[in-house]
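Numbering (our numbering), first residue to last: -9 to 329. Have a look at the structure below before the remarks.
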Amino acid sequence: MEKIKLGLIGYGYWGPNFARVIGESSNSTLKYCADSDDRSLERAKKKYPTLITTKDYRDILSDGDVKAVIIVTPTKTHYQIAKECILAKKHVFIEKPLCQNVKEAQELILLAQDYKVKLMVGHVFLFNSAVKFIKDLIDRGHIGRLRHLHFQRRNLGPIRQDVNVLWDLAPHDISMALHFIGDKPFSVIASGESFLQKGILDVVSASLKFPHNVMVNMIFSWIDPVKVRDIAIVGENKMVLFDDVAQSERVKIFNKNANIIKNTLDVSFGEYQISLHSGDILVPAIENREPLKEEFNHFIDCVANNKKPFTDGQNGLDVVRIISAIQQSLDQNSTLVKL
Ligand SMILES: NC(=O)c1ccc[n+]([C@@H]2O[C@H](COP(=O)([O-])OP(=O)(O)OC[C@H]3O[C@@H](n4cnc5c(N)ncnc54)[C@H](O)[C@@H]3O)[C@@H](O)[C@H]2O)c1
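Structure follows, in structure tokens:
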């Protein structure tokens, strides 16, 4: 099979990771790299001398040889670049978040349908083997009904100037929350503060309510002392911790729970008892595959075999809709926003 020719748009901090993964792929090849900054293009050319580099991504769009593009530019440019790529009939992989509002996301989805191209969003955690493992545990009923999920994403930098910490970091955790719960929130409430750049929030916390009594809390910060990326999932039967920066034992399953003793025959309301159960901790062996590679290979598979991307435009829109609601709560002094 002929290799699928690709164009990479954006070779800043994250773009080079895609160039590497494409270089390691057996069924695709990188023909172009576009970046508006000369220094980025020099870096790309030095590492990949046969690459065609250009300051204008439209040069890629006019080459009929190129089937798909990978967009890894700042969030505020996503909508415009993605739109032009779709209109040029290129399949599009775009980094998270898909774009900056619901209307633009809906437009991109419809355009991709009309032009019969794939639109995939970089919700990379859904390709993480630990996340897949946990999702499987939940779906097989091992945790019991979900009660509370707690996400922390804190570090010192990188600090962005085009979007606030919510738009930068929340796509990861919101995409995972939707995936784990298999449902969408009906309300959000949030609080945040900016300390460094006027109007750009550095710290945001958000609380999301889902149907069936499921509650999610999230905190995002890019001015924290140490890198923390952890998730606690509390179910009726068991609890799970996922520490994505741990060197080992990244997932732990706690045989712990808190429940009302159900056999209340012949006892009055005052005699109801709460049982706290604290059992073993299991550390499962989980194969460690590179999520970015899994994600990229999935995109190529969708393009080559006309499949629907797992993290398609609709998934991107779901995440953008929730972030927009959280942003609305922040803009309205932490009022509750219904979805
Ligand atoms: N999945 C992840 O874990 C992850 C990690 C980091 C970044 N990202 C995402 O990747 C994207 C880029 O982030 P980054 O950290 O690499 O940013 P960056 O600022 O380091 O790099 C962006 C690059 O895009 C170039 N650029 C800007 N406008 C352009 C345009 N109109 N045409 C061509 N090139 C243009 C810039 O010159 C720069 O080299 C963002 O959407 C971000 O959310 C994802």
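Ideal placement from N, C-alpha and C gives every residue a C-beta, glycine not left out. Keep in mind that this is a model prediction, so the values were computed, not measured.
Check	Outcome
Ignoring anything shorter than 3 residues or poking outside the region 84 to 156, list the beta strand (DSSP E) runs there in chain order.	109 to 112, 136 to 146
Output the boundary residues of the alpha helix (DSSP H) element that contains Asn320.	With the sequence shown as reference, residue 320 is identified as Leu, and Asn is not the correct amino acid for it. Residues 303 to 321.
Once you ignore the five residues that flank Lys66 on each side, which residues in its own chain have a CB closer than 6 Å to its CB?	Asp152
Is the region 117 to 130 touching the region 146 to 164 in the sense that three or more CB pairs, one from each, lie closer than 8 Å?	no
Under the three-state reduction of DSSP, which class applies to Met208: helix, strand or coil?	strand
Between Leu(-4) and Val82, what straight-line distance do the alpha-carbon atoms span, to the nearest angstrom?	10 Å
Looking at ligand 1, does it come within less than 6 Å of Glu(-8), judged from the CB to the closest heavy atom?	no
Distance check for Ala196 and Arg329, CA to CA, integer angstroms please.	Note that residue 329 corresponds to Leu in the displayed sequence, not to Arg. If you take the alpha carbons of Leu329 and Ala196, they lie about 14 Å apart.
Flag this pair as touching only if the region 183 to 196 and the region 207 to 215 have three or more C-beta atom pairs under 8 Å; answer yes or no.	yes
Grouping DSSP H, G and I as helix and E and B as strand, with all else coil, what is Val78?	A small correction: the amino acid at residue 78 is Ala; Val does not occupy that position in the sequence shown. Looking at Ala78 - three-state DSSP - the assignment turns out to be coil, as it is neither helix nor strand.
How about the region 162 to 181 and the region 290 to 308: do they share at least three Cβ pairs that are nearer than 8 Å?	yes
Can you tell me which of the three DSSP states Glu183 falls into?	strand
Flag this pair as yes or no: are the beta carbons of Ile250 and Ile264 separated by less than 7 Å?	yes
From the DSSP output, read off the bridge partner residues of Leu31.	None; Leu31 has no bridge partner.
Verify whether the separation of the beta carbon atoms of Glu280 and Val114 is less than 7 Å.	no
In its own chain, which residues sit with a C-beta less than 6 Å from the C-beta of Arg311, not counting the 5 before and 5 after it?	Val92
Under a three-way DSSP split, which group does Met166 fall into?	helix
Quick one: what does DSSP say Tyr69 is sitting in, helix, strand or coil?	helix
Going by DSSP, what residue range makes up the beta strand (DSSP E) through Arg279?	Counting along the chain, Arg279 falls outside any beta strand (DSSP E), and DSSP gives it neither H nor E.
Whole beta strand (DSSP E) runs in the region 41 to 65 with 3 or more residues, listed along the chain?	42 to 44, 58 to 61
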